[in-house]
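1 is the number of the first residue of the sequence shown in our numbering; add one for each residue after it. Glycine included, C-beta positions come from ideal geometry on N, C-alpha and C. Structure first, commentary second.
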Amino acid sequence: MKPKGTAALICGIISIPVAWFSPLIAVILAVVAIVLSLRAVKQTGKNGKTTGGLICGIVGIVCAIVSFIIAMVLSISLIGGSLSGTTQSSYSGSTSSESTSDLTADEQACYDLGIAKLEQLKNQDGEIVTYLATELDQGFEESMGVTHEDLGTNSEDLARWMLTDFNYTYDGVYVDEEEGTATMYADLEMRDSFLFMNNFYDLANDFVNSGEAESMTADEAAQRLGEYYKQAMDETTDMTSYYTAIDFVKNADGTWSVDEDAWNDELGFMFGIY
């Protein structure tokens, strides 16, 4: 009898990356993976697929819990930051309704740096594409135990997809003269990465429910998932909005620099790469 468990393995694998986008769906997938795995063990005994499905299902639940906790912490941090910002008394600022020609020297310096970062995204600059692709690869392999290459996909293609039709609208820059820090805000229009993941989930779920996976090897199933991954990218053209903040620090010589650590964190929130 042909060993069962491919469906359990696929559900378990999918639950892990989905956890970072939709913890609730991930928990459902993980539970399904565990149930299918245990059922397959009763029918045909243990094998690599049933064990892998069980492990991935458990990991999926853990990732979903961690994702939920991260979201709660971020929400509290953002609220705390907003409250603390209202107590600062020495700062200058310019909103989008004001001409950029009215900016102070410090505001102009931060504005120029912030716009340069957004232009990198809009123009799909090679440096930012490489950075996003590297982060996508690392997160994908750490969470799933497989690489984009294993699925026959390319992280650089996904990074460029994320930046397709990217646009922004400047919404003000604020300088805290006492602290030597500043922040520029902007409204973004960008591809909906979360909808892409949901569309990929729907395609993969239909594949699992069809029973076709049971007649495939693990490699064949992975390649099929890769095809659905590409299909979801091609079919997901919806845009979404995001409100971004770019932080700056004042150097000892009076010049300004982008807070690169904060910017990297912001890119993670922006594109769902944790």
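Please look up how many angstroms separate the CB atoms of leucine 203 and alanine 232, rounded, as I've assumed it's under 8 Å. 6 Å
Counting pairs of beta carbons, one from the stretch 208-215 and one from the stretch 181-188, are three or more of them closer than 8 Å? Contact check between the stretch 208-215 and the stretch 181-188: fewer than three CB pairs, one atom from each, fall below 8 Å, which does not count as touching.
What does the alpha-carbon distance come out to for the pair serine 97 and glycine 152? For serine 97, the predicted structure reports a pLDDT of 48, less than 50, and the residue's modelled location is therefore unreliable. A value from the coordinates is still provided. Distance from the CA atom of serine 97 to the CA atom of glycine 152, rounded to whole angstroms, is 47 Å.
Contact under 8 Å by Cβ, valine 242 with methionine 197: Residue identity check: residue 242 is tyrosine in the sequence provided, not valine. Against a cut-off of 8 Å, the Cβ pair of methionine 197 and tyrosine 242 comes out as no contact.
Helix, strand or coil: which one does DSSP assign to threonine 236? coil
Compute the minimum distance between the beta carbon of glutamate 107 and the heavy atoms of the ligand MG, and state whether it is under 7 Å. For the structure depicted, the ligand MG is absent and the ligand set is empty, with no information on it obtainable.
Taking the beta strand (DSSP E) that serine 257 falls in, what are its first and last residues? 256-258
Is isoleucine 246 helix, strand or coil when you go by DSSP? Of the three classes helix, strand and coil, the one that applies to isoleucine 246 here is strand, per DSSP.
First through last residue of the alpha helix (DSSP H) which encompasses asparagine 205: 193-210
Contact set for glutamate 135: own chain, Cβ-Cβ below 6 Å, skip 5 residues either direction: Ile273
Sequence-distant residues of the same chain with beta carbon closer than 8 Å to arginine 160, five excluded per side: Hits under 8 Å: Gln124, Val129.
Residues in the same chain with beta-carbon distance under 6 Å from glutamate 141, minus the five sequence neighbours each way, listed in chain order, please. Thr147
Going by DSSP, which residues form a beta bridge with methionine 282? The question about residue 282 has no answer here: the residues shown for the chain are numbered 1 through 274.
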